[in-house]
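If you read the sequence shown in this note's numbering, its first letter stands for residue 2, the second for the next number, and so on.
Yeah, the Cβ is synthetic: ideal placement off N, Cα and C, and Gly gets one too.
Below: one structure, written as structure tokens.
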Amino acid sequence: MAYWFNFVWLVIYFLVLIGLSGYGLHRLMMVILYLVHRKDVPQPKGQWDELPVVTIQLPLFNEKFVLPGLLEKVTAIDYPKDKLEIQILDDSTDDTYELCLQLTEHYREQGFDIVCLHRTDRTGYKAGALEAADAVAKGEFLLILDADFRPEPDILKVVMPYFTDPNIALVQTRWGHINRDKNLLTRLQSIFLDGHFALEQTVRNRSGRFFTFNGTAGVWRKKAIADAGGWEHDTITEDMDLSYRAQMKGWRFVYLNDYVTPAELPEDMDGFKAQQHRWTKGSIQVCQKMLFDIWRSKAPLKAKLEATTHLTCNYSYLALILLCILVVPICIGVVAPQGDWAWNTPRMMMLTAILFFSATVTVCMFYVTAEAVVRPKRWWMVFPLIVPLLALGVGMGVNNAKAVLEAVFGRQSEFVRTPKFGESQEGKLSVEKRSQGYKALKSVLVPVLELFFGLFFACTEIVNLAYGNFINAVLMMPFLGFFYTSVCSFARLFDGMRQRRAQRVQNS
């Protein structure tokens, strides 16, 4: 009985590892394809004889701290005023609306065609706001910017020539990071995003595969949005949904890796978790909605395969949590295969080494390559952050697995915005005051589970070191990421409780 228990447990364990390794090998494929296509930089077909009208759309929800800086940058864009319309899409429930009206009047006096479109019914959230704005937009092209983005003055001069090709529906720019060096979390996020943009988006675009709009810092052809069916509200990643529908209609996209639009990264763990939860849940919703349609479309096989990998990759968070559960009895010796399948036999050591390389080393290669592309003079600075990077990826497993399950079982949730504090380098007290308008941790379930896994793997590390199992100790280090994500969330929770207590005392 014990033999079969060990055998079945081991089979499931290695099947999960193989599944995770498959996504790791996909990262290696991205690196190889980037090297193949790195010089295939997209070029515009021509220039406009007469510049078209462009509408800049600025979706907002309670963004009073970043709105002034956003409008300052938007109104500095180098484009004829008579060809430019600015729409502030305000769904705010606080005093942001009053600020919108003041700033709208201020810039209108300076000759800008600017309007504030305020909704009291947030149907469809951002997608609903964009849908309503498109119906009254004057521009043939739409530049969409989230509130924390700071466009460069030449963004339209760089982007618009690509639309001289009538088949181009979207031009997406690469995200930059204003607060990259704010703390450890922002440094790690910047590496994650650099990998996505510098490698994944570049490769997908230049190799003829589908890639998706990132929700901001890109220009759409309004006709293409309408042709693809418009903005739909049944997922919380409306940008990804629309992107696949448009490309299946035959529209082409362009990604500009060499042009950067700076933005702000979440500076605390709760903000990062909220963002990752939304992106993860939304991608699974789009997967359930679109995957079969993609395979029934006339898209080339390589585009279908890449779309499948892209849309299913977040299921790996369920596999990661399953792996954490499976490894517990292995670590404490309940599952201890003997004979030919013992851990110290050559075949098991070889299999473990191959899977470790596929699931871990390839991911490291992916992010090192991305940093070499984005920061060629400072790429080596990523090496001290490799282990923390892997740890954060593992530590987000519980949060993102919860998002996957919510999508699979159709649980609806409100749109939770990411905290944005602007570019100001004011002190901690100012940040705390500004954070009062944002929702912090809503449930302790996720950090409690993270804490459980974190404490278990911390104890496992101590035992490995005590018995001289240094290789196992190194292999298990990323799992300490659970401890990191949990402690950061609880720290934010207790800080919020302290602020509310201080506020009550002040008001009494």
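Item: For residue 257, I'd like the list of residues in its chain whose CB is within less than 6 Å of its CB, leaving aside the five on either flank, ordered along the chain.; Value: 174
Item: Using CA atoms only, rank isn't needed, just tell me which of 280, 261 and 464 is closest to residue 195.; Value: 261
Item: Tell me which same chain residues have a C-beta within less than 7 Å of the C-beta of residue 246, skipping the five on either side of it?; Value: 229 and 230
Item: Nearest to residue 277 by alpha carbon, out of 103, 205 and 394?; Value: 394
Item: So does the region 157 to 167 actually touch the region 276 to 292, counting three or more Cβ pairs closer than 8 Å?; Value: no
Item: Is the separation between the beta-carbon of residue 170 and that of residue 49 shorter than 9 Å?; Value: no
Item: Once DSSP output is grouped into helix, strand and coil, what is the label at residue 470?; Value: coil
Item: Whole angstroms are fine: how far does the CA of residue 65 sit from the CA of residue 446?; Value: 31 Å
Item: Around the C-beta of residue 13, are 16 or more other C-beta atoms found within 10 angstroms, so that it is buried, or is it exposed?; Value: exposed
Item: Under the assumption that residue 207 contacts residue 307 (Cβ atoms under 8 Å), give the Cβ distance between them as a whole number of angstroms.; Value: At roughly 12 Å, the Cβ-Cβ gap does not stay under 8 Å, so residue 207 and residue 307 are not in contact.
Item: To the nearest angstrom, how far is the alpha carbon of residue 492 from that of residue 186?; Value: 14 Å
Item: Among residues of its own chain, excluding the 5 on either side of residue 433, which ones have a beta-carbon nearer than 8 Å to its beta-carbon?; Value: Note that residue 433 has pLDDT 45, beneath the 50 cutoff, so the model's placement of it is unreliable and no number is given.
Item: For residue 287, which of 391, 409 and 32 has the nearest alpha-carbon?; Value: 409
Item: Terminal residues of the continuous beta strand (DSSP E) containing residue 361?; Value: Per DSSP, residue 361 belongs to no beta strand (DSSP E) and is neither H nor E.
Item: Going by alpha carbons, who is nearest to residue 59 out of 108, 462, 459 and 131?; Value: 131
Item: Is residue 478 near residue 391, with beta carbons less than 9 Å apart?; Value: yes
Item: CB-CB under 6 Å to residue 29, same chain, minus the five flanking residues each way: which ones, in chain order?; Value: 363
Item: Quick check on the burial criterion: 16 or more other C-beta atoms within 10 angstroms. Buried or exposed for residue 455?; Value: buried
Item: Tell me the start and end of each unbroken alpha helix (DSSP H) in the region 233 to 296 that is at least 4 residues and wholly inside, in chain order.; Value: 239 to 249
Item: Following the continuous alpha helix (DSSP H) through residue 203, name the residue where it begins and the one where it ends.; Value: 203 to 207
Item: Of all the beta strand (DSSP E) runs that stay within the bounds of the region 135 to 174, which reach a length of 3 or more residues?; Value: 142 to 145
Item: Based on the DSSP secondary-structure assignment, which residues constitute the bridge partners of residue 115?; Value: 87
Item: Below 8 Å CB to CB, which residues in the same chain sit around residue 352 once its five sequence neighbours on both sides are set aside?; Value: 15
Item: Report yes if the CB atom of residue 90 is closer than 9 Å to the CB atom of residue 61, and no otherwise.; Value: yes
Item: Report buried or exposed for residue 219, applying the criterion of at least 16 other Cβ atoms within 10 angstroms of its Cβ.; Value: buried
Item: Whole angstroms is fine: what's the gap from residue 114's alpha carbon to residue 82's?; Value: 7 Å
Item: Which word fits residue 267, buried or exposed, when buried means at least 16 other C-beta atoms lie within 10 angstroms of its C-beta?; Value: buried
Item: Any idea if residue 429 is buried or exposed, counting beta-carbon neighbours within 10 angstroms, 16 or more meaning buried?; Value: Caution applies to residue 429, whose pLDDT of 46 falls short of 50 and renders its modelled position unreliable; the value that the coordinates give is listed next. That one is exposed.
Item: Per DSSP, which one or two residues make a beta bridge with residue 219?; Value: 145 and 173
Item: Quick one: give me the first and last residue of the alpha helix (DSSP H) that residue 105 is part of.; Value: 97 to 110
Item: May I ask which residues mark the beginning and end of the alpha helix (DSSP H) holding residue 194?; Value: 185 to 195
Item: Straight-line CA distance for residue 313 to residue 128?; Value: 23 Å
Item: Classify residue 184 as buried or exposed, calling it buried when 16 or more other Cβ atoms lie within 10 Å of its own Cβ.; Value: exposed
Item: My output table needs one value for residue 432: the three-state DSSP class, helix, strand or coil.; Value: No answer about residue 432 holds up, because its pLDDT of 48 lies below 50 and its placement is not dependable.
Item: Around the Cβ of residue 227, are there at least 16 other Cβ atoms within 10 angstroms (buried) or fewer (exposed)?; Value: exposed
Item: Exposed or buried, what is residue 176 when buried is set at 16 or more other beta-carbons lying within 10 Å of its beta-carbon?; Value: buried
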